[in-house]
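Colleague:
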Amino acid sequence: MATATANHREFLFRRLHTLAGVVPVGLFLLEHFFTNATATEGPAAFNNAVNTIQHIPYLHVVEFVFIFLPLIYHGVYGLYVAYTSGYNAQQYTWLRNRMYALQRITGVITFVFIIFHLWTTRFSGHEPNFNFVHNLVSDPINFWIMVIGVVAATFHFSNGLWSFMVHWGITVGPRAQRISAVVLMVFFVLLAFIGIDSLIAFVQTA
Amino acid sequence: MSMAEQDVNAKKKAIRLIIERQDDPNSPPYSETFDIPWRAGMNVIAALMEIQRNPVNAQGEKVRPVAWESNCLEEVCGACTMVINGKPRQSCSALLDQLAQPIYIKPMRTFPVMRDLIVNRSRMFDALKRIKAWVPIDGTYDLGPGPRMPEVDREWAYELAKCFTCGSCVEACPNVNERTSFIGAFALSQARLFNTHPTGAMHKKDRFEALMGEGGIHECGNSQNCVQVCPKGIPLTTSIAAMNRAIDGYAFSGWLGK
Numbered sequence: 067m068a069t070a071t072a073n074h075r076e077f078l079f080r081r082l083h084t085l086a087g088v089v090p091v092g093l094f095l096l097e098h099f100f101t102n103a104t105a106t107e108g109p110a111a112f113n114n115a116v117n118t119i120q121h122i123p124y125l126h127v128v129e130f131v132f133i134f135l136p137l138i139y140h141g142v143y144g145l146y147v148a149y150t151s152g153y154n155a156q157q158y159t160w161l162r163n164r165m166y167a168l169q170r171i172t173g174v175i176t177f178v179f180i181i182f183h184l185w186t187t188r189f190s191g192h193e194p195n196f197n198f199v200h201n202l203v204s205d206p207i208n209f210w211i212m213v214i215g216v217v218a219a220t221f222h223f224s225n226g227l228w229s230f231m232v233h234w235g236i237t238v239g240p241r242a243q244r245i246s247a248v249v250l251m252v253f254f255v256l257l258a259f260i261g262i263d264s265l266i267a268f269v270q271t272a
Numbered sequence: 015m016s017m018a019e020q021d022v023n024a025k026k027k028a029i030r031l032i033i034e035r036q037d038d039p040n041s042p043p044y045s046e047t048f049d050i051p052w053r054a055g056m057n058v059i060a061a062l063m064e065i066q067r068n069p070v071n072a073q074g075e076k077v078r079p080v081a082w083e084s085n086c087l088e089e090v091c092g093a094c095t096m097v098i099n100g101k102p103r104q105s106c107s108a109l110l111d112q113l114a115q116p117i118y119i120k121p122m123r124t125f126p127v128m129r130d131l132i133v134n135r136s137r138m139f140d141a142l143k144r145i146k147a148w149v150p151i152d153g154t155y156d157l158g159p160g161p162r163m164p165e166v167d168r169e170w171a172y173e174l175a176k177c178f179t180c181g182s183c184v185e186a187c188p189n190v191n192e193r194t195s196f197i198g199a200f201a202l203s204q205a206r207l208f209n210t211h212p213t214g215a216m217h218k219k220d221r222f223e224a225l226m227g228e229g230g231i232h233e234c235g236n237s238q239n240c241v242q243v244c245p246k247g248i249p250l251t252t253s254i255a256a257m258n259r260a261i262d263g264y265a266f267s268g269w270l271g272k
């Protein structure tokens with residue numbers, strides 16, 4: 067077993083990729099949706115939530131290590147995975163094979179969306195507050211891009227959790243995998259609803 | 015004329031086969047149509063034998079007979095696997111009366127095509143060598159009887175032993191393509207089979223190491239086409255998830271133990 071660790075790089079990269087998608091990227095997505103959902107309680111609640119985040123100690127380090135670094139890794143390696151994958155859902159139309167293709171398609175959409183999203187929010191030079199988001203999503207084009215981003219990201223996260231549980235040997239048998247698929251699709255619908263509902267709250271309340 | 019007779023007569027007219035052909039490994043594929051007379055109980059191999067007997071295409075031109083491989087004729091050898099109406103399956107157990115017409119027949123293109131419907135499945139046998147898909151029993155002296163296999167394990171492991179390396183799971187897998195080196199679902203399931211056998215388990219780590227290597231278990235993308243196309247109904251996706259669990263555990267305990 068002299069070559070034991072020599073060619074395990076790809077294995078390690080792949081496992082890191084599935085792990086990074088859930089911890090911390092997935093957890094950040096949940097936190098982000100929670101903060102956005104405070105908008106449904108009015109501008110003050112949202113501004114208060116943003117203020118709490120802004121007072122996290124070592125915020126820039128936390129943001130870089132727990133959000134940007136894993137996000138870039140998951141995104142860039144994910145593009146490579148999407149490129150090396152084959153697509154045959156038109157020939158083999160079974161549900162799981164369609165989900166396999168959708169996972170990669172929504173991944174690419176989410177990647178492009180996040181770049182746009184960072185450009186128009188985090189790196190736009192504006193103060194992150196309710197008014198700023200209100201003005202941003204009041205533009206129908208921006209609003210609909212946000213809706214697409216929300217649906218793509220929540221699907222990618224929910225369906226990704228399904229395969230995460232297979233990759234880590236949590237759901238092994240067909241029954242467990244069927245139940246986890248149903249539960250996670252309900253999770254997707256709920257998460258997408260929360261995201262879109264928050265967007266609507268940003269538009270309607272001024 | 016009774017309904018049944020009318021039915022038979024309608025079928026008797028002709029069976030239309032549209033076959034994707036290729037003259038040699040390097041020449042481009044082309045499609046050729048054949049009409050053959052219907053007989054009761056025909057399978058795809060009987061239809062190909064009919065073409066061999068009378069190699070004339072639908073345009074009435076005499077052509078080179080279609081080449082294919084077959085051996086056991088009872089769905090246990092895997093040699094006659096081809097893509098019939100879009101799905102990989104054994105042509106010996108593909109009955110014409112159960113297929114939509116015209117019948118489209120193609121070689122499994124995930125493997126190198128040698129001629130017409132003949133493919134080279136060597137990569138599968140190389141994969142089995144890589145994962146040591148056997149129970150090592152040879153020694154320089156009598157090793158004595160091995161440990162007994164519990165009946166509860168033997169029962170489900172027998173299902174995995176039904177794999178006959180036909181290639182259907184490899185053909186249907188989107189992650190087996192020219193951009194990846196994925197070993198294929200059958201190899202992961204065979205590694206699980208031999209890791210379950212009490213004597214085979216003595217080489218458990220070698221199989222884990224092989225499946226963590228190039229084209230190993232991490233290349234699986236969970237499209238689960240493999241379990242759908244497997245002619246023996248082998249629980250391939252269960253094998254993959256079980257091996258994921260075992261290999262992740264092995265990798266972690268390995269790194270933490272260093």
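Line by line, the protein sequences give chains D and B.
In this text, residue positions in the first sequence follow the numbering used here: the first is 67, and each later residue adds one.
In this text, residue positions in the second sequence follow the numbering used here: the first is 15, and each later residue adds one.
Ideal Cβ placement from N, Cα and C applies to all residues, glycine included.
(1) Should ARG206 of chain B be labelled buried (16 or more other beta-carbon atoms within 10 Å of its own) or exposed?
(2) Give the DSSP bridge partners of PRO188 of chain B, in chain order.
(3) Please tell me whether THR150 of chain D has its Cβ less than 9 angstroms away from any Cβ of chain B.
(4) Got a sec? Which residues, its chain only, sit under 6 angstroms from GLU185 of chain B by beta carbon, not counting five neighbours each side?
(5) Secondary structure at GLN73 of chain B, three-state DSSP: helix, strand or coil?
(6) Give a yes or no on whether 9 angstroms exceeds the smallest Cβ distance from ALA171 of chain B to chain D.
(7) Which chain A residues sit within Cβ distance under 9 angstroms of HIS74 of chain D?
(8) With a threshold of 9 angstroms between beta-carbons, can MET67 of chain D be considered close to chain B, or not?
(9) Return the CA-CA distance between ALA247 of chain D and SER224 of chain D, expressed in angstroms with no decimal places.
(10) Could you check the C-alpha separation between PHE266 of chain B and ILE50 of chain B for me, to the nearest Å?
(11) Considering just the uninterrupted stretch of the alpha helix (DSSP H) at ILE245 of chain D, what are its terminal residues?
(12) Please return the same chain residues whose Cβ sits closer than 8 angstroms to the Cβ of ASN113 of chain D, not counting the five positions on each side in sequence.
(13) Measure from the C-beta of THR194 of chain B to each C-beta in chain D and report whether the shortest distance is under 9 angstroms.
(14) For ILE181 of chain D, count the other beta carbons within 10 Å of its own beta carbon; 16 or more makes it buried, fewer makes it exposed. Which is it?
(15) Any idea if GLN36 of chain B is buried or exposed, counting beta-carbon neighbours within 10 angstroms, 16 or more meaning buried?
(16) Take VAL203 of chain D and list the residues in its own chain whose beta-carbon comes closer than 7 angstroms to its own, dropping the five residues that flank it on each side.
(17) Mind listing, in chain order, the continuous alpha helix (DSSP H) runs of no fewer than 4 residues lying wholly within the segment 129 to 199 of chain B?
(18) Evaluate contact between the segment 80 to 89 of chain B and the segment 146 to 164 of chain D, counting only Cβ atoms and requiring at least three cross-stretch pairs below 8 angstroms.
(19) In three-state terms, what does DSSP make of PHE125 of chain B?
(20) Is the Cβ of ILE33 of chain B closer than 9 angstroms to any Cβ of chain D?
(21) Under 8 angstroms by Cβ, that's how I've got SER14 of chain B and SER253 of chain B pegged, so tell me the actual separation to the nearest angstrom.
(22) Give the single residue among D:GLY87, D:THR271, D:ARG75 whose Cα lies nearest to the Cα of THR176 of chain D.
(23) Does any CB atom of chain D fall closer than 9 angstroms to the CB of ASN209 of chain B?
(24) Nearest chain D C-beta to THR95 of chain B closer than 9 angstroms, yes or no?
(25) Is it true that the segment 148 to 167 of chain B meets the segment 68 to 80 of chain B, where meeting means three or more beta-carbon pairs spaced less than 8 angstroms apart?
(26) Cβ of TRP228 of chain D within 9 angstroms of Cβ of THR84 of chain D?
(27) Around the C-beta of VAL127 of chain B, are 16 or more other C-beta atoms found within 10 angstroms, so that it is buried, or is it exposed?
(28) How big is the Cα-Cα spacing for LEU31 of chain B and GLY152 of chain D?
(29) Could you name the residues of chain D that GLY181 of chain B contacts, counting a contact when the two beta carbons are closer than 9 angstroms?
(30) Could you tell me which residues DSSP puts in a beta bridge with VAL97 of chain B?
(31) Under the assumption that VAL58 of chain B contacts PRO69 of chain B (Cβ atoms under 8 angstroms), give the Cβ distance between them as a whole number of angstroms.
(32) On the DSSP bridge list, what partners appear for LEU109 of chain B?
(33) With contact counted as at least three CB pairs below 8 angstroms, one residue from each stretch, are the segment 216 to 234 of chain B and the segment 190 to 197 of chain B in contact?
(34) DSSP on THR69 of chain D, reduced to helix/strand/coil?
Modeller: On the basis of the supplied data:
(1) For the purposes of this step, residue 206 of chain B is identified with residue 192 of the second sequence, where counting begins at 1. So ARG206 of chain B ends up on the buried side.
(2) Position 174 of the second sequence holds residue 188 of chain B. Per DSSP, none; premise fails for PRO188 of chain B.
(3) As a working note, residue 150 of chain D is residue 84 in the first sequence. For THR150 of chain D, the answer is yes, since a Cβ of chain B falls inside 9 angstroms of its Cβ.
(4) For the purposes of this step, residue 185 of chain B is taken as residue 171 along the second sequence, with counting starting at 1. PRO102, MET122, THR124, listed in sequence order.
(5) As a position in the second sequence, residue 73 of chain B is number 59, starting the count at 1. Note: GLN73 of chain B maps to coil in three-state DSSP.
(6) Start at 1 with the first residue of the second sequence, and residue 171 of chain B comes out as number 157. It does not: the Cβ of ALA171 of chain B has no partner Cβ on chain D nearer than 9 angstroms.
(7) Of the protein chains in the structure, D and B, none is chain A.
(8) One-based indexing of the first sequence puts residue 67 of chain D at position 1. Bear in mind that a pLDDT of 39 at MET67 of chain D, under 50, signals an unreliable position, so the number given afterwards is only what the model happens to contain. Yes - at least one Cβ of chain B is within 9 angstroms of the one on MET67 of chain D.
(9) Numbered from its first residue, the first sequence carries residue 247 of chain D at position 181. Numbered from its first residue, the first sequence carries residue 224 of chain D at position 158. About 9 angstroms.
(10) Position 252 of the second sequence, counted from the first residue, corresponds to residue 266 of chain B. Position 36 of the second sequence, counted from the first residue, corresponds to residue 50 of chain B. Their backbone Cα atoms lie some 59 angstroms apart in a straight line.
(11) As a position in the first sequence, residue 245 of chain D is number 179, starting the count at 1. That run of the alpha helix (DSSP H) goes 240 to 270.
(12) Locating residue 113 of chain D in the first sequence gives position 47, counting from the first residue. Within the same chain, ASN113 of chain D has close Cβ partners ASN195, PHE196.
(13) Position 180 of the second sequence, counted from the start, is the residue given in the question as residue 194 of chain B. At least one chain D Cβ lies under 9 angstroms of THR194 of chain B.
(14) Against the first sequence, residue 181 of chain D aligns to sequence position 115. Looking at its Cβ environment, which holds fewer than 16 other Cβ atoms inside 10 Å, ILE181 of chain D is exposed.
(15) The sequence position of residue 36 of chain B within the second sequence is 22, counting from 1. Answer is buried; the Cβ neighbour count reaches 16.
(16) In the first sequence, residue 203 of chain D corresponds to position 137, counting from 1. So the list reads PHE209, MET212, LEU265, PHE268, VAL269, once near-sequence residues are dropped.
(17) 136 to 144, 165 to 174, 182 to 186
(18) no
(19) Here residue 125 of chain B refers to the residue found at position 111 when the second sequence is read from its first residue. Coil at PHE125 of chain B, not helix or strand.
(20) For this step, residue 33 of chain B is matched to residue 19 along the second sequence. No, ILE33 of chain B does not count as interfacial toward chain D.
(21) This structure does not reach residue 14 of chain B, given that chain B is present from 15 up to 272, and the question cannot be answered.
(22) Counted from its first residue, the first sequence places residue 176 of chain D at position 110. The shortest C-alpha separation from THR176 of chain D is found at D:GLY87.
(23) Start at 1 with the first residue of the second sequence, and residue 209 of chain B comes out as number 195. So no, ASN209 of chain B is outside the interface.
(24) The sequence position of residue 95 of chain B within the second sequence is 81, counting from 1. False, the Cβ-Cβ gap to chain D never drops below 9 angstroms.
(25) no
(26) Against the first sequence, residue 228 of chain D aligns to sequence position 162. Against the first sequence, residue 84 of chain D aligns to sequence position 18. Result no, Cβ atoms of TRP228 of chain D and THR84 of chain D do not sit closer than 9 angstroms.
(27) Walking along the second sequence from the start, residue 127 of chain B turns up at place 113. It counts as buried.
(28) Your numbering for residue 31 of chain B matches position 17 in the second sequence. Your numbering for residue 152 of chain D matches position 86 in the first sequence. About 28 angstroms.
(29) In the second sequence, residue 181 of chain B corresponds to position 167, counting from 1. The premise fails here: GLY181 of chain B is roughly 15 angstroms from chain D at the closest Cβ pair, so nothing lies under 9 angstroms.
(30) Taking the second sequence and counting its residues from 1, the one referred to as residue 97 of chain B is at position 83. For VAL97 of chain B, which the question treats as bridged, DSSP gives the partners B:PRO102, B:LYS120.
(31) Taking the first residue of the second sequence as position 1, residue 58 of chain B is located at position 44. Taking the first residue of the second sequence as position 1, residue 69 of chain B is located at position 55. Rounded, the Cβ-Cβ distance is 16 angstroms, inconsistent with contact.
(32) Reading the second sequence from its first residue, position 95 is the one you call residue 109 of chain B. DSSP lists B:ASN57 as partners of LEU109 of chain B.
(33) yes
(34) For this step, residue 69 of chain D is matched to residue 3 along the first sequence. In this prediction, THR69 of chain D scores a pLDDT of 44, lower than 50, which makes its location untrustworthy; the coordinate-derived value is nonetheless stated afterwards. Looking at THR69 of chain D - three-state DSSP - the assignment turns out to be coil, as it is neither helix nor strand.
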